[in-house]
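K.L.:
The structure is given below, and queries will be raised subsequently.
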Amino acid sequence: GDRVSIYLPMIPELAIAMLACARIGAMHSVVFAGFSAIALQSRIQDCEAKVLVTSDAVLRAGKTIPLKANADSALDNCPSVKDCIVVRRAGNEVSMQEGRDSWWHDEVGADDITSECQPESMEAEDTLFILYTSGSTGKPKGVVHTTGGYLTYAMHTCQYVFDLKDD
């Protein structure tokens, strides 16, 4: 039932973080990496995320955009966030807050990580993720997607798009 905000570029760790949240029964909320610190802050505050997953930077069109700096600015006003996990994407130096921030590669390589994580059993109506509207006409609204509803829709779409049949 805890919430995790994910503020990452389109990298493998984004999908890994989403799937990891689903496995442990945490709700995730992906925030577009192009959004400002204020946009990130409002979404974190609304869902009361306990964890933020971000990266040191976004590499786009030959430019390096300092994502961790945006995250730090947002987290100044997000007391619900207790942990911030940072993916080393660009390899640039970033500020790490003692007791809150940690590197993704350190967490994944930690000695206390077990090779198996049993999935959390979830009910069909339990929240899988929260996706926020753009906020172009007012305050962004968190649209709640349930575990059963989203998976049913994903399977239906797969059947329709790929013309899957029982045989």
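For the sequence shown, the numbering used here assigns the number 33 to the initial residue and increments by one for each residue that follows.
For every residue, glycine included, the Cβ atom is placed at its ideal position computed from N, Cα and C.
1. Let's see if you can read the secondary structure: which residues bound the beta strand (DSSP E) around Arg-35?
2. Among Ser-153, Ile-70, Pro-98, which residue has its Cα nearest to the Cα of Ser-127?
3. What is the DSSP secondary structure of Gly-174, reduced to helix, strand or coil?
4. Closest to Leu-183 by CA distance: which of Leu-46, Met-42, Leu-51 is it?
5. Cutting at 7 Å between CB atoms, please list the residues of its own chain near Gln-73, excluding the five before and the five after it.
6. Relative to the C-alpha of Glu-241, which candidate in Leu-46, Ser-37, Arg-55, Pro-41 has its C-alpha closest?
7. Go through the region 124-181 residue by residue and report every complete run of the alpha helix (DSSP H) that reaches 4 residues or more, in order.
8. Please report the straight-line C-alpha distance between Gly-57 and Glu-152, rounded to a whole angstrom.
9. For Ser-74, does the three-state DSSP call read helix, strand or coil?
10. Any idea if Asp-133 is buried or exposed, counting beta-carbon neighbours within 10 angstroms, 16 or more meaning buried?
11. Over the uninterrupted alpha helix (DSSP H) stretch that includes Leu-107, give me the two end residues.
12. Given Phe-161, which residues of its chain have a CB within under 7 Å of its CB, disregarding the five upstream and five downstream residues?
13. Using a Cβ-Cβ cut-off of 9 Å, state whether Val-36 counts as contacting chain C.
14. Is the Cβ-Cβ distance between Leu-40 and Ala-65 less than 9 Å?
15. Assuming Ser-112 contacts Arg-75 under a Cβ cut-off of 8 Å, what Cβ separation, rounded to an integer in Å, is found between them?
16. Have a look at the DSSP bridge pairing and note the partners of Thr-96.
P.N.:
Working from what's here:
1. 35-39
2. The candidate whose alpha carbon is nearest that of Ser-127 is Pro-98.
3. In the structure shown, Gly-174 sits in a strand (DSSP, three-state: E or B).
4. With distances taken between Cα atoms, Leu-183 lies closest to Leu-51.
5. Ala-106, Asn-109, Cys-110
6. Residue 241 lies beyond the stretch modelled for the chain, which goes from 33 to 199, so this question has no answer here.
7. 136-140
8. 5 Å
9. helix
10. buried
11. 99-107
12. Met-59, His-60, Ser-61, His-177
13. Of the protein chains in the structure, only one exists, and it is not chain C.
14. Going by C-beta atoms, Leu-40 is nearer than 9 Å to Ala-65.
15. Rounded, the Cβ-Cβ distance is 12 Å, inconsistent with contact.
16. Answer by DSSP bridge pairing, in chain order: Leu-91.
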